[in-house]
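Notes follow once the structure below has been shown.
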Amino acid sequence: MADIYELDKIDTTILNILSLDARTPFKDIAEICKLSRAAVHQRVQRMIAKGVIIGSGYHVDLIKIGYRTYAYVGVKLERASYYKRVSEELVKIPEVIECNFTTGLHSLFIKLYARDNNHLLDILNGKIQQIDGVVSTETMITLERIFHRPLLLPEDFEDEEE
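Using the working numbering, count along the sequence shown one by one with no gaps and you end on 166.
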């Protein structure tokens, strides 16, 4: 298991601000945290070095560029131990944006985008179900995303384990 990075209240505040908008200028964060820009920069760099912050960038609204079908797919495997091999094949399918090894009825649970239902059918029948070891799939199409948000940490985050 990875080492746990001990957050203090300032780190927690910085993470929450960046989770809501990664483009927030360090000068604005510094004002909120009552720190210098250099101190904010040092803290962010330390969290990057420790793997707490693992990226930044822009989020693309795939629906606006033609990928209107968003689906969750449970993948049942012949044997759960095939999950690594099957996931190595799933990662080759560009429309699959996330894959998780899970407990329960399905060994793998994936998220994918497709242009429409016909494209989804092609992905399911022509790609996913053709992978050796895949027994069946169960697909749930998202009708409407109600909300999506980052996990915001409580200000007393570091005290919760006591």
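Don't be surprised by glycine CBs; every beta carbon is placed ideally from N, CA and C.
Keep in mind the model is a prediction, meaning the values are calculated, not measured.
Can the beta-carbon of A34 be found closer than 8 Å to that of V44?
Looking up residue 34 in the sequence shown gives position 30. Looking up residue 44 in the sequence shown gives position 40. Result yes, Cβ atoms of A34 and V44 sit closer than 8 Å.
Bounding residues of the alpha helix (DSSP H) (the contiguous stretch that carries F30):
Taking the first residue of the sequence shown as position 1, residue 30 is located at position 26. Run containing F30: 30-37, per the alpha helix (DSSP H) assignment.
In or out: T73 buried (at least 16 other Cβ within 10 Å) or exposed?
In the sequence shown, residue 73 corresponds to position 69, counting from 1. When all chains shown are included, T73 counts as buried.
What would DSSP say about E159, mapped onto helix, strand or coil?
To locate residue 159, count along the sequence shown from 1; it is residue 155. Of the three classes helix, strand and coil, the one that applies to E159 here is coil, per DSSP.
Taking M51 as the reference, which of N20, D15, E102, T141 has the closest Cα?
In the sequence shown, residue 51 corresponds to position 47, counting from 1. Out of N20, D15, E102, T141, D15 has the C-alpha closest to the C-alpha of M51.
So K80 and V139 are supposed to be a Cβ contact under 8 Å. How far apart are they, rounded?
Taking the first residue of the sequence shown as 1, we reach residue 80 at position 76. Taking the first residue of the sequence shown as 1, we reach residue 139 at position 135. 5 Å between Cβ atoms; contact.
Can you tell me which of the three DSSP states T16 falls into?
Taking the sequence shown and counting its residues from 1, one reaches residue 16 at position 12. Helix at T16.
Specify whether the stretch 57-65 and the stretch 106-120 touch according to this definition: at least 3 beta carbon pairs, one from each stretch, less than 8 Å apart.
no
Between the beta-carbon of I145 and the beta-carbon of A75, is there less than 8 Å?
In the sequence shown, the residue the question calls residue 145 occupies position 141. In the sequence shown, the residue the question calls residue 75 occupies position 71. Yes, the Cβ-Cβ distance between I145 and A75 is below 8 Å.
DSSP three-state label for E166, please.
To locate residue 166, count along the sequence shown from 1; it is residue 162. Below a pLDDT of 50, predicted positions are generally treated as unreliable, and E166, at 43, falls in that range; the measurement from the model is reported next regardless. Here E166 sits in coil by DSSP.
According to DSSP, simplified to helix, strand and coil, what is L11?
One-based indexing of the sequence shown puts residue 11 at position 7. It is coil, neither helix nor strand.
Can you grab the Cα-Cα spacing for the pair L116 / V64, in whole Å?
Stepping through the sequence shown from its first residue, residue 116 is reached at position 112. Stepping through the sequence shown from its first residue, residue 64 is reached at position 60. Roughly 14 Å separates the two Cα atoms.
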